[in-house]
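Trainee: I'd like to ask some things about the structure below.
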Amino acid sequence: MTKEMPVLLANAGKINPTSAAEYIAAGGYQGLQKARQMDRAALLQEVKASGLRGRGGAGFNAGMKWGFVPQAAPVKYVVCNLDEGEPGTYKDRIICQNNAHALLEGMAICGAAISSQQGYIYCRGEYPFVVDLLRKAIASAKESGALGSFDIEVRMGAGAYVCGEETALIESIEGHRGEPRFKPPFPGVEGLWKAPTVVNNVETFACLPYILVNGASWFAGIGAPKYPGTKIVTLTGDINNRTFFEVPTDITLREVIFDLGGGIPGGKKFKAVQVGGTSGAFIPEKDLDTPIDFDSMGTIGAALGSGAVLVLDETRDIVDVVARISKFFEHESCGKCNPCREGTFRCREIMEKINAGRGNENDIENLLLLSRVMQKAALCGLGQAAPSPIESTIKHFRPEYLQKMN
Amino acid sequence: MADYKEIIKACKDVPGGLIEAYHAIQKEYSYIPEEALLEAAKVFKVSAAQAYGVATFYSYLKVGKRGKNVIRICASAPCHIAGADKVVAALEKELGIKMGQTTADGKFTLEFTECVGQCQATPVITINSTPYGDVTGEKVAAILAEYK
Ligand SMILES: Cc1cc2nc3c(=O)[nH]c(=O)nc-3n(C[C@H](O)[C@H](O)[C@H](O)COP(=O)(O)O)c2cc1C
Ligand code: SF4
Ligand code: FES
Numbered sequence: 362m363t364k365e366m367p368v369l370l371a372n373a374g375k376i377n378p379t380s381a382a383e384y385i386a387a388g389g390y391q392g393l394q395k396a397r398q399m400d401r402a403a404l405l406q407e408v409k410a411s412g413l414r415g416r417g418g419a420g421f422n423a424g425m426k427w428g429f430v431p432q433a434a435p436v437k438y439v440v441c442n443l444d445e446g447e448p449g450t451y452k453d454r455i456i457c458q459n460n461a462h463a464l465l466e467g468m469a470i471c472g473a474a475i476s477s478q479q480g481y482i483y484c485r486g487e488y489p490f491v492v493d494l495l496r497k498a499i500a501s502a503k504e505s506g507a508l509g510s511f512d513i514e515v516r517m518g519a520g521a522y523v524c525g526e527e528t529a530l531i532e533s534i535e536g537h538r539g540e541p542r543f544k545p546p547f548p549g550v551e552g553l554w555k556a557p558t559v560v561n562n563v564e565t566f567a568c569l570p571y572i573l574v575n576g577a578s579w580f581a582g583i584g585a586p587k588y589p590g591t592k593i594v595t596l597t598g599d600i601n602n603r604t605f606f607e608v609p610t611d612i613t614l615r616e617v618i619f620d621l622g623g624g625i626p627g628g629k630k631f632k633a634v635q636v637g638g639t640s641g642a643f644i645p646e647k648d649l650d651t652p653i654d655f656d657s658m659g660t661i662g663a664a665l666g667s668g669a670v671l672v673l674d675e676t677r678d679i680v681d682v683v684a685r686i687s688k689f690f691e692h693e694s695c696g697k698c699n700p701c702r703e704g705t706f707r708c709r710e711i712m713e714k715i716n717a718g719r720g721n722e723n724d725i726e727n728l729l730l731l732s733r734v735m736q737k738a739a740l741c742g743l744g745q746a747a748p749s750p751i752e753s754t755i756k757h758f759r760p761e762y763l764q765k766m767n
Numbered sequence: 012m013a014d015y016k017e018i019i020k021a022c023k024d025v026p027g028g029l030i031e032a033y034h035a036i037q038k039e040y041s042y043i044p045e046e047a048l049l050e051a052a053k054v055f056k057v058s059a060a061q062a063y064g065v066a067t068f069y070s071y072l073k074v075g076k077r078g079k080n081v082i083r084i085c086a087s088a089p090c091h092i093a094g095a096d097k098v099v100a101a102l103e104k105e106l107g108i109k110m111g112q113t114t115a116d117g118k119f120t121l122e123f124t125e126c127v128g129q130c131q132a133t134p135v136i137t138i139n140s141t142p143y144g145d146v147t148g149e150k151v152a153a154i155l156a157e158y159k
């Protein structure tokens, strides 16, 4: 029997997500209390030992990231990435709408670890109702005294996918165009208003209360050993259960799609799945027995990313879907660096040409060349990942490209 | 309608408040009037070019007039394969305008958007940020009726 495993979503439907009192009655804010009683080194060690890695796509060990923050700095910030711009992804919204206080508590735990008094949540502009919800939840937490002297402010994004990139996000909070910065310095050393800043995803923060309460080894024992814990996946496309599930990270793609997802509607056959959102690789049937964790996905040339799962059935025109995706990246490229500004434009141009039946095999070679250049030379993850849907479909579904050329 | 000068003044002391001010203006006007942008530049002590550069960077913000109700159709891959093109066709027919245009009475503007994070119910549209899921050509008239 395939396993759902609600941890972050265990409170779903049971408590009012804005109410601190209801969250506390369900055992909430005990992790923060515990964190505040620990000394800083022990707290960092606990988070490191849990093996918690970032849920926003890059999979970096959270405790290690916090450890880079120089203690001597007078001001430090905790920033939550709720930009959630990756198409097919809505898990951070689900966490907020069901268990907002777990996010707030997680941010405050990070605050205790890096001795920061100020948090920011950067929420995408498309979620004004989540902004309202979070502001109510923060007010309720403040009133209850649970957050102590830790403050959290919510800022709103304005429809730019690149602002999910942590340094672009920081630029945006500062009121600028959301263009990524050169790294180093990394935000942990020089971030928001030049102060050391930890940026983590909503889901990463929301794990922390449970780690503190149940212990690092409990968390480390869930799912895949190298990327432990649970992950919320969102299923879209040709799938019977078009919804979200919280699962242990060692579940396989096949289990996600065919057990939890209920398989493909209308008795049709599976063609491909794109994991991690629109910047993810397309995966063929033969790789479906791969676990979804960060490293396992890497071994098949894919990425867990945000945990979005887009399923295509046998009738879908994969070249058409990838052409549409290439338009997304052309639109969202911020234009700061040439390989991406020019590369996403050319990718879209060639993909549309092929999709319209005017391409030739030379175009495929050019796409592959462009992909390599962008992966190596683009400044941020947007330009680096933009070619992966193209490259992976040429690799696994080349005949579909060739079909459009006859 | 609240005066944009008041709105901008209220954000003046917020660090990085320019984008907050734009949001607040747009909430009131459904777009950012050119004069408001110039006023914001003055208050936040940036050049008009910079104020413009920030506003136009973000696709959620719109400088210059558009309709009172902004209808956005998600074109991202999950909505694309769920039949967003049929929804586009139905909306264009119902309103008698093309994508990117505004109705003559100034009530509706049609725009594309990328994923709005409601992908449990593809295809998705939003009207002034309120999402509508599992939209079909047949449902369009009833949805619009709320705004007419
Ligand atoms: C183009 C681009 C978009 C991104 N979008 C998001 C996003 O929407 N949410 C997110 O948490 N991380 C996003 N990231 C990753 C962040 O840069 C960063 O790695 C992450 O917020 C760190 O948090 P984590 O370690 O908890 O995952 C994006 C990265 C890139 C390059
Ligand atoms: S890779 Fe693309 S999005 Fe990233 S900085 Fe360069 S142009 Fe901007
Ligand atoms: S893909 Fe359309 S709302 Fe997410």
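So the sequences go chain by chain: A and B.
Sequence positions in the first sequence follow the working numbering and run 362 to 767.
Sequence positions in the second sequence follow the working numbering and run 12 to 159.
Ideal placement from N, C-alpha and C gives every residue a C-beta, glycine not left out.
#1: Could you tell me which residues DSSP pairs with residue 406 (chain A) in its beta bridges?
#2: For the structure I just gave you, are there three or more beta carbon pairs, one from the region 534 to 549 of chain A and one from the region 16 to 32 of chain B, closer than 8 Å?
#3: Confirm, please, whether the CB-CB distance from residue 680 (chain A) to residue 715 (chain A) is below 9 Å.
#4: If you draw a straight line from the alpha carbon of residue 558 (chain A) to that of residue 444 (chain A), how long is it in whole angstroms?
#5: Provide the residue span of the alpha helix (DSSP H) that contains residue 580 (chain A), from first to last.
#6: Can you give me the Cβ contacts of residue 387 (chain A) inside the same chain, cut-off strictly under 6 Å, excluding the 5 residues immediately before and after it?
#7: What residues of chain A sit near residue 70 (chain B), judged by a beta carbon separation below 7 Å?
#8: According to DSSP, simplified to helix, strand and coil, what is residue 419 (chain A)?
#9: Which partner residues does residue 83 (chain B) have in the DSSP bridge list?
#10: Spatial neighbours of residue 356 (chain A) within its chain, please: C-beta separation below 6 Å, excluding the five flanking residues on both sides.
#11: Report all residues from its chain with a CB closer than 7 Å to the CB of residue 461 (chain A); omit the five preceding and five following residues, and keep chain order.
#12: Is it right to say residue 527 (chain A) is buried, meaning 16 or more other beta carbons lie within 10 angstroms of its own, or is it exposed?
#13: Starting from residue 609 (chain A), follow its DSSP beta bridges and name the residues at the other end.
#14: Identify, in the order they occur along the chain, each residue of the same chain with its Cβ nearer than 8 Å to the Cβ of residue 413 (chain A), setting aside the five sequence neighbours on each side.
#15: Between A:602, A:540 and A:546, which has its C-alpha nearest residue 132 (chain B)'s C-alpha?
#16: Under the three-state reduction of DSSP, which class applies to residue 57 (chain B): helix, strand or coil?
#17: Around the Cβ of residue 402 (chain A), are there at least 16 other Cβ atoms within 10 angstroms (buried) or fewer (exposed)?
#18: Only counting the same chain, and skipping five residues up and downstream in sequence, which positions put a Cβ closer than 6 Å to that of residue 124 (chain B)?
#19: Who sits around ligand 3, taking every residue whose Cβ is closer than 5 Å to one of its heavy atoms?
#20: Mind listing which residues of the region 118 to 139 of chain B have their C-beta closer than 8 Å to chain A's C-betas, in chain order?
#21: Would you mind reading off the limits of the beta strand (DSSP E) that contains residue 481 (chain A)?
#22: For the putative contact between residue 608 (chain A) and residue 365 (chain A), defined by C-beta atoms under 8 Å, what is the C-beta separation to the nearest angstrom?
#23: If you compare alpha carbons, which of B:59, B:120, B:77 and B:105 is closest to residue 149 (chain B)?
#24: Determine the contact status of residue 472 (chain A) and residue 479 (chain A), defining contact as a CB-CB distance below 9 Å.
#25: Could you have a look at residue 113 (chain B) and say whether DSSP puts it in helix, strand or coil?
#26: If you follow the alpha helix (DSSP H) that residue 38 (chain B) is in, where does it begin and where does it stop?
#27: State yes or no: is the beta carbon of residue 26 (chain B) nearer than 9 Å to at least one beta carbon in chain A?
#28: For the beta strand (DSSP E) that residue 443 (chain A) lies in, which residues bound it at each end?
#29: Establish whether the CB of residue 65 (chain B) and some CB of chain A are separated by less than 9 Å.
#30: Which word fits residue 735 (chain A), buried or exposed, when buried means at least 16 other C-beta atoms lie within 10 angstroms of its C-beta?
#31: Quick one: is the Cβ of residue 419 (chain A) within less than 8 Å of any heavy atom of ligand 1?
#32: Is residue 531 (chain A) near residue 563 (chain A), with beta carbons less than 9 Å apart?
#33: Is it right to say residue 87 (chain B) is buried, meaning 16 or more other beta carbons lie within 10 angstroms of its own, or is it exposed?
Mentor: Well, looking at it:
#1: Partner(s): none; residue 406 (chain A) has no beta bridge.
#2: yes
#3: yes
#4: 17 Å
#5: 577 to 581
#6: 372 and 376
#7: 520 and 521
#8: coil
#9: B:122 and B:137
#10: Any question about residue 356 (chain A) goes unanswered here, given that chain A covers just 362 to 767.
#11: 378, 379, 494, 495 and 498
#12: buried
#13: A:591
#14: 422, 423, 424, 565, 568, 569, 572, 580, 589 and 590
#15: A:602
#16: coil
#17: exposed
#18: 83 and 85
#19: A:448, B:85, B:87, B:89, B:90, B:126, B:127, B:129, B:130 and B:135
#20: 124, 125, 126, 127, 128, 129, 130, 131, 132, 133 and 137
#21: 479 to 484
#22: 6 Å
#23: B:105
#24: yes
#25: strand
#26: 28 to 40
#27: yes
#28: 438 to 443
#29: yes
#30: buried
#31: yes
#32: no
#33: buried
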